[in-house]
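This report refers to the structure that appears directly beneath it.
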Amino acid sequence: MEIAADREPRGRGAVDCPGVFDCVAAPLPGPDPDFVRAAIAEVLAAADLQDAKALAAAEACRTPPDGEPCSDQQQAQPGQPGAGAAAPAGAARLDPSLLELPGNSEATVRLLKARVRSLEEQLQAAIDAGAAKDRDLAEAAREARALQREKAAWAKEQKALAAQAERHCRAAEAAREALAAREAALKEKDREEAKASSSRCGGARPRLRGAPPTLLAHRHGAPACSPAPH
1 MEIAADREPR
11 GRGAVDCPGV
21 FDCVAAPLPG
31 PDPDFVRAAI
41 AEVLAAADLQ
51 DAKALAAAEA
61 CRTPPDGEPC
71 SDQQQAQPGQ
81 PGAGAAAPAG
91 AARLDPSLLE
101 LPGNSEATVR
111 LLKARVRSLE
121 EQLQAAIDAG
131 AAKDRDLAEA
141 AREARALQRE
151 KAAWAKEQKA
161 LAAQAERHCR
171 AAEAAREALA
181 AREAALKEKD
191 REEAKASSSR
201 CGGARPRLRG
211 APPTLLAHRH
221 GAPACSPAPH
């Protein structure tokens, strides 16, 4: 990622940087806040998986085989820390004091990369914790659904038992009514039989004075009548 700063043409007396990291260490009187933010974004962009290639390219540019300094295109490698720091004379450059390790861009990149890795680990831990909470919530939801099913089955069973108890109560009431009716019928039959027996024993046949009822019954060929119930 290149710094989004306008590059002015090198004027007379401008000094070429022999290496990318040598230009970053130059002191600055007063950095521009926008330039500082852009430079920090550039350093953060350098802490990705391709920063090793960018650093290797910068090291090769520092000591070219022909002994000539690197061109502007070679110095402004994408993703290099301090790639746009070699600004023309009079332009604002990044103050190393704004970083953690002044004058040591490679160490600063490693430090920022370690911080990014730590933040990624914290993010992954938060994601894992969220996933664990989601699993707990899903398990609690499954348990709640199971309890709801058990509650519905229990309510259905209670309703069936209540209906069965109602049927038993109605059957018991009908049995009591039938028993009462049968007892009443038996009592009525007993009264009728008693009346019939009383009418048979109270006939107009002559009775010998002083003769027992059994003798009279034997003489007339009829069984002896038992006394009518009172």
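Counting from 1, position 38 in the sequence shown corresponds to residue 38 in full-length UniProt numbering; the numbering is continuous, with no gaps. Backbone N, C-alpha and C define an ideal beta-carbon position, used for all residues, glycine too. Values in this document were obtained by computation on a predicted structure and should not be read as measured data.
Please report how far the alpha carbon of residue i lies from the alpha carbon of residue j, in whole angstroms.
i, j, result
"E188", "A162", "39 Å"
"A138", "Q148", "15 Å"
"D95", "I127", "The predicted model places D95 with a pLDDT of 49, which falls under 50 and marks its position as unreliable, so this point remains unresolved."
"L179", "R170", "14 Å"
"A172", "D190", "27 Å"
"K151", "R135", "24 Å"
"Q124", "A132", "12 Å"
"A174", "A160", "21 Å"
"W186", "E193", "Contrary to the premise, residue 186 reads as Leu rather than Trp in this sequence. So the two alpha carbons sit approximately 10 Å from each other."
"R176", "E183", "10 Å"
"R200", "E166", "51 Å"
"Q164", "A181", "26 Å"
"A155", "A144", "16 Å"
"A196", "E157", "58 Å"
"H168", "A146", "33 Å"
Give every residue of the same chain whose Cβ lies closer than 7 Å to the Cβ of residue i, excluding the five residues on either side of it in the sequence, and list them in chain order.
i, result
"A141", "none"
"E120", "none"
"I40", "none"
Tell me the DSSP secondary structure of residue i in three-state form.
i, result
"E8", "Unreliable placement is indicated for E8, whose pLDDT of 47 sits below 50; no coordinate value is reported for it."
For residue i, which residues of its own chain have a beta-carbon under 6 Å away from its beta-carbon, when the five flanking residues on both sides are left out?
i, result
"A129", "none"
"E106", "none"
Ordered along the chain, which non-local residues of its own chain (more than five positions away) have a Cβ less than 8 Å from that of residue i?
i, result
"A153", "none"
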